Structure formats: C-alpha cells, structure tokens
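7 is the number of the first residue of the sequence shown in the numbering used here; add one for each residue after it.
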Amino acid sequence: MKKPLIALSGIAIAAALFFLIIPNDESPDIQALTDAMLEKKDARLSRLESVEDEALRKSLRNLVYDAMFTDGMELDFQAPPRNTAYTTAKLARLDDYSSIDELTEVFLANQIAATTYRDRSCVWPREPFDYPFQHQLAWTAIRLDNGETTELPNHFSGSSYNAEIEYSGARSTFCYRDPLGPDEPAPVALVGEFSVQLPQKLIQFDFSRPDVDQSQSKDGYTVTLVEANDFSYAIEVSSSSGEPPSLGSKDIIGEALDDTGKYLAHTGTRTGRAELYEASDLIIDGLIDRALEGTLTETQIDQRFDEMQGELNEKYANKLHKHFFFSGSVKTARITVLDKEAKQTPFKQRLDLPIRNLARRQPTPSVDLDTLERIPTLRPVYDHSIQSKVDLNADEMKTAIDIRQNEISADLKYSAQVKLYYPPVQSDRFLDIFDRYQKPGADDIVFLNAQGAPIDVPSDDPDYYRFMVSRIEYNPDRFPEKPVRLSATVPVVTTPNLTPKGHGRNNLPDGVRIMDNMVVIDRAVFKPASNNERSEKTYLFFAKSADQRYLSKVTGLHFPRTEGPGVDVIYYNGSPEIFEVWYRGDKKIVEYQVELDLEEPAPRE
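Below, the structure written as structure tokens:
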C-alpha cells in the first residue's frame with residue numbers, strides 16, 4: 007500500500023515526539039494542539055475496532071499512525087525554536103576551489119582507506135570533507151594481495167553482512183567475520199565507485215521576510231516566497247518554459263541568515279504544499295466510514311489517494327513547493343537552485359584505495375624516516391574549524407555567553423537548570439567544557455524571591471542546588487519559598503595570551519622536517535617551551551599552505567623508540583609550507599556575573 011502522507015526521517019520522528027512530551031514555553035497553544043492530535047488518533051483507532059476485515063483494519067491503522075506522525079511534525083514546525091543555533095553555509099567548501107569540478111577532483115584524490123588492525127581484518131574509508139552535492143559512494147570489494155577480491159555487503163543501511171564481511175554503520179567499518187590467519191591472503195585495497203550528477207550552474211535567490219508573494223527570475227527559473235515567519239519560510243519554484251522544473255528534491259537548497267549574518271542551523275524541510283497533508287488527513291475519516299459500511303477494499307484505499315494526488319498534481323503540476331525551518335530568527339532566506347540537464351549522464355569514477363596502516367607502532371631502537379607510512383593526500387583541503395577569535399574578555403562575555411534554561415526534561419533530583427554556552431574560540435583547543443568553568447564559591451550562587459531578597463538555603467547542600475561543569479542545577483520545590491531570580495558569579499577560565507609561532511619550510515626548528523604532506527617531529531630534539539603543567543595541554547601543532555591557510559589534518563602516528571622520546575608524524579591534506587606552533591600561555595580567570603529571571607521548570611517525563 008502507498009504511503010500517502012509525509013515520509014518522516016528518524017530525526018524528524020524524534021523531533022515530533024519531543025514536542026509531544028515537552029511543549030515549547032513560547033507557544034502556549036502547542037499543548038492544546040498536541041492533546042487534540044492525540045484525541046483524534048484515539049478516536050480513529052476506537053472506530054477501527056469495529057472493522058471486521060483484519061487486513062483492512064491493519065492498513066487503516068497504519069494510516070492513522072502515519073497521520074499522527076505527520077501532525078506531530080506539523081506541531082514541530084509551528085513551535086518556535088527553543089534556542090538559536092548556527093551552522094556553516096552548505097556550499098562553503100566551494101569557495102576553496104575554482105570550480106565544482108576541482109572540488110570533486112580533490113574530494114576523490116584525498117580519499118583514503120585505513121586500518122589499525124595488524125592483520126588488516128577491519129578496514130574503513132575516510133573522506134577529506136563532506137561532499138556538498140547528492141552523490142553515491144559505493145564500496146564493493148576488498149582486494150587481496152593475491153589478486154582475489156572479497157565482496158562487500160550493501161552498506162547504505164545501519165549495519166549489514168554477508169558470508170565473509172560485516173559492516174558497522176556506526177563506525178563505517180568493514181570487518182572480516184572470521185580472523186585472518188598469517189598464511190591467508192592479506193587485504194591491500196578498498197574498491198568502490200563514486201557517482202554524481204554535477205550541477206551545471208548554481209543559481210542563488212535571496213529574499214527578506216517582508217518579500218512574501220514576491221518573485222525573482224534568473225536563468226530560466228522563478229522562485230516565489232509564498233510564506234515567511236520568524237523561523238521558517240516556504241517557496242515555490244517554476245520554470246520559464248511553463249513545464250515542470252526538472253529538479254530533484256535535493257536540487258533546491260534552502261538556507262537562512264539572521265541579523266548577524268550567520269547561517270542558522272536547519273531543523274527540517276517539508277516538501278509539497280500543506281494542502282497535500284490536509285487533504286490526505288481528511289481522506290482517512292472517509293475511508294474509515296466506508297470500512298465500517300463494508301464498502302471499502304484495500305485496493306480502493308490506493309485508488310482514493312491516487313485520485314487526490316492527481317487532483318493536486320493538476321492544480322500545482324508546474325511548481326515545486328518546499329518549506330524550510332530553522333533554529334533562529336530568519337532575516338534573509340537564501341535559496342540555491344542546482345541547475346542540471348534533464349537527461350544528464352552521471353559522472354562516475356572507480357576508486358581503488360591502498361589500505362594505509364595506522365596501527366600502533368612498536369618501539370624500535372631507531373626510526374627510519376625514509377620508511378615512514380605514506381598517505382599521499384596531496385591536494386589542499388583547508389581547515390574551516392579554526393576560529394579567528396582567541397578568547398573573550400570580561401566585556402565580551404556579557405553578550406557572547408549564551409544562557410539557556412530547562413533545555414531537557416527534569417530528572418528526579420533537580421527539576422530545573424541554568425546552563426552557560428561559551429561561543430567557539432581558539433582556546434577551545436586547550437580548554438574543553440570540563441575546564442572552561444570553575445566551581446563558584448559557597449556564597450557566589452544566590453537565589454532571590456519575588457521581593458528580590460535572598461532565599462536562605464544551605465550553600466553547600468546539594469539537596470537544593472549544585473554547580474556541574476557548565477550549569478547550575480536546582481530544585482525549586484525544596485526551597486522554603488519560590489525562587490524567581492538567580493544572581494551568581496561564575497569563574498571562567500580563559501587563555502588570552504595564546505600565541506602562534508610559524509616556521510617556514512626553509513627555516514624549520516631542529517628536529518622538525520616537512521616531507522611531502524607530512525610534518526615529522528623528533529621529540530628527542532624538538533621540545534616546545536611549556537609552563538611545565540604536565541597534565542595540561544600547553545601547545546599544539548598546525549600546518550599552513552603557501553597562501554597562509556590552515557590545512558586540515560588527516561591523522562597522526564607516533565613512532566616510539568625503545569629509549570628516549572619517539573617521533574610524531576602528522577599527515578595533512580595538502581603540502582605544508584609553514585609549520586606553526588600554538589603556545590597556550592598563562593590562563594586567566596574572569597569573574598562572570600549571571601543575573602537572570604528564572605523560568606518555570608520543564609515538565610517531568
């Protein structure tokens with residue numbers, strides 16, 4: 007039987023269920039809508055109990071649950087995001103290369119297959135970056151050193167296996183089901199094929215929120231902004247020829263920027279007009295009526311949805327409709343159409359990747375640099391994760407630290423929480439979330455009542471509140487009076503003196519060599535200055551290209567010596583011209599003041 011309603015991804019279903027459990031505080035009608043949705047589902051299931059045909063009853067029951075999940079997603083779409091979240095532009099990687107073709111060449115040239123197993127019984131592929139266009143990368147076989155191949159199972163699901171190989175989707179790894187003996191043929195290469203329909207042109211359209219019902223036409227396409235609110239927008243795409251646009255669902259990229267110019271994280275997409283889902287939902291009650299009358303067959307269910315689909319196709323046949331949702335306030339709606347030829351031949355390339363040995367090395371008396379493992383990822387791939395800002399000062403923290411309340415359902419001990427989110431900065435590489443904040447002093451967390459007076463609770467008693475990593479957890483039900491405001495001083499650890507020091511290829515420090523795409527560091531010779539905090543990270547290594555851009559790291563290997571420090575080898579995507587050391591410098595504590603009106607705790611699940 008057909009699936010007439012929206013097909014939800016696992017993430018979408020999870021999001022829908024999330025809003026069934028935790029209504030958004032900024033949308034008081036969400037709970038009422040949720041209750042109405044569940045009541046409608048229960049009423050339909052109750053009516054179906056009187057349908058005698060078991061197969062028909064099962065088919066209609068599936069439709070009822072399908073409709074409920076669609077309704078749940080609609081609630082998710084209607085509810086404003088709880089917090090603002092950002093991302094990078096979908097096509098940002100294109101800015102690094104002269105063309106789509108060059109980007110594709112680098113993506114394929116820098117693919118590697120690797121293993122950390124001495125018998126090579128487990129192998130996994132690694133991609134240099136997320137390829138921005140819809141494509142297929144199918145791994146089909148492992149080639150052995152005797153020329154034979156081992157066929158791989160289908161790997162487009164979570165996990166799968168055949169007689170010899172098991173695939174783990176969680177680790178993206180192909181493993182032989184039985185151990186490989188020392189006398190058996192050894193795996194030497196991973197074989198597969200890459201396939202993609204490359205766009206001939208990227209056509210960008212920008213709209214602001216007041217532009218509803220406005221259209222823009224470029225290069226044979228017309229895009230109309232048909233709906234927009236604070237956190238979503240809907241568009242229709244048509245072609246100048248009057249024919250239906252020859253575009254796939256993923257050939258229309260919808261993005262959004264807020265008033266800071268940053269890209270907002272994308273939370274969901276609905277394809278097709280809302281009318282499609284509304285009509286589908288209305289049909290279900292009519293089908294149940296006919297089933298109770300004994301005038302409905304399973305075949306007629308499909309026929310009725312085909313009729314509805316035909317009616318809507320006739321009405322909207324020449325337009326594509328998409329609705330995009332985001333985790334923040336949309337100022338600019340940015341739509342990119344990937345223009346392709348109607349009968350375009352896909353670009354295909356066979357891949358035969360030597361399996362690189364990344365297994366832990368055993369200590370040896372000496373390290374022969376001429377025999378180091380080669381991983382020839384020589385085309386440049388740049389590291390987009392390096393932030394420009396080193397750290398925040400006290401004034402910047404006032405606006406840059408994001409404070410969020412009650413993001414998750416209450417647990418049994420603490421029904422409410424206040425969490426601090428530090429923005430991405432360079433010092434994150436030295437300080438993780440467990441190091442960023444220190445525990446406030448006994449008198450540095452104060453809860454206030456409605457009159458603004460401090461509430462008298464034991465300062466060191468975790469039955470009332472506690473500080474954990476980056477959040478203040480508390481249980482207002484245990485307080486002698488209701489807390490309505492929080493005043494706290496939280497010590498924030500910063501590294502304002504972080505200092506990069508670069509060395510050109512022809513002026514490297516003793517003990518450091520650049521070989522192809524490798525930076526080789528002999529730890530017995532090169533010993534970066536540190537402040538002797540052995541348990542803390544005080545320096546890091548990076549590599550830059552000739553045009554002063556940071557290269558992304560492939561992996562690192564350590565070659566230990568039987569006596570004394572060993573040799574570190576860092577592999578990069580591209581050829582390093584500059585070896586750079588980041589010195590953390592001394593840490594500085596900044597007292598961050600939290601003054602906050604407290605929200606009601608989230609309901610307990």
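All C-beta atoms, glycine included, are put in the ideal place defined by N, C-alpha and C.
Remember, predicted model here, so these are calculated numbers, not experimental data.
- Bounds of the beta strand (DSSP E) holding LEU359 are 353 to 363.
- ILE290 is a Cβ neighbour of ALA73, given a cutoff of 8 Å.
- For SER221, the uninterrupted beta strand (DSSP E) segment begins and ends at 221 to 224.
- Following the DSSP letters along the chain, one finds THR495 inside the beta strand (DSSP E) bounded by residues 491 to 500.
- GLU172 and GLN203 have their C-alpha atoms roughly 30 Å apart.
- Closest in C-alpha terms to ASP257, from the list ASP236, GLY248, PRO131, LYS346, comes LYS346.
- With contacts defined by Cβ atoms closer than 8 Å, THR275 and PHE330 form a contacting pair.
- Distance between ALA42 and LEU298, taken at the CA atoms: about 23 Å.
- Residue environment for TYR182: buried (at least 16 other C-beta atoms within 10 angstroms of its C-beta).
- Taking a cut-off of 8 Å on C-beta distances, the segment 424 to 444 touches the segment 404 to 412, as three or more cross pairs fall below it.
- In terms of Cβ geometry, TYR589 and LYS507 form a close pair [threshold 8 Å].
- DSSP, read as helix, strand or coil, puts THR146 in strand.
- Around the Cβ of ARG124, a 10 Å sphere holds fewer than 16 other Cβ atoms; the residue is exposed.
- Residue state for SER551 is assigned as coil, using DSSP reduced to three classes.
- If you draw a straight line from the Cα of THR122 to the Cα of TYR167, it is about 21 Å long.
- Beta-bridge partners of HIS509 (DSSP): PHE585.
- Between the C-alpha atoms of ASN116 and SER174 there is a straight-line separation of about 23 Å.
- In this structure the segment 192 to 206 touches the segment 96 to 111; the number of beta carbon pairs closer than 8 Å is three or more.
- Between LEU359 and ALA195, the gap from beta carbon to beta carbon is short of 8 Å.
- If you look at ALA422, you'll find it in the beta strand (DSSP E) that goes 422 to 427.
- Going by beta carbons, VAL336 and ASP236 fall inside the 8 Å limit.
- With at least 16 other beta carbons inside 10 angstroms of its own, LYS550 counts as buried.
- Of GLY292, GLU281, VAL229, the smallest CA-CA separation from LYS325 is found for VAL229.
- Contact check for TYR480 against TYR420 passes: the beta carbons are separated by less than 8 Å.
- Taking a contact as a CB-CB distance under 8 Å, the pair ASP397 and SER372 does not count as one, their CB atoms being some 41 Å apart.
- Fewer than three Cβ pairs drawn from the segment 552 to 570 and the segment 447 to 463 lie within less than 8 Å of each other, which leaves the two stretches out of contact.
- When C-alpha distances from VAL498 are compared across LEU602, PRO191, VAL475, the shortest belongs to VAL475.
- It is roughly 17 Å from the alpha-carbon of ASP553 to the alpha-carbon of ASN513.
- When rounded, the separation of the alpha-carbon atoms in HIS390 and ARG356 is 28 Å.
- In the displayed model, GLU108 falls within a helix according to three-state DSSP.
- In this structure, VAL600 lies near LEU492, with their beta-carbon atoms less than 8 Å apart.
- Partner residues in the beta bridge of TYR227, as assigned by DSSP, are LYS224, SER245.
- When Cβ pairs closer than 8 Å are counted between the two stretches, the segment 514 to 531 is seen to touch the segment 575 to 583, the count reaching three or more.
- If you draw a straight line from the Cα of PRO159 to the Cα of PRO468, it is about 52 Å long.
- Per DSSP, ILE461 is not a residue of any alpha helix (DSSP H), being assigned neither H nor E.
- Of all alpha-carbon atoms in SER223, SER252, LEU143, GLU80, the one lying nearest the alpha-carbon of PHE200 is that of LEU143.
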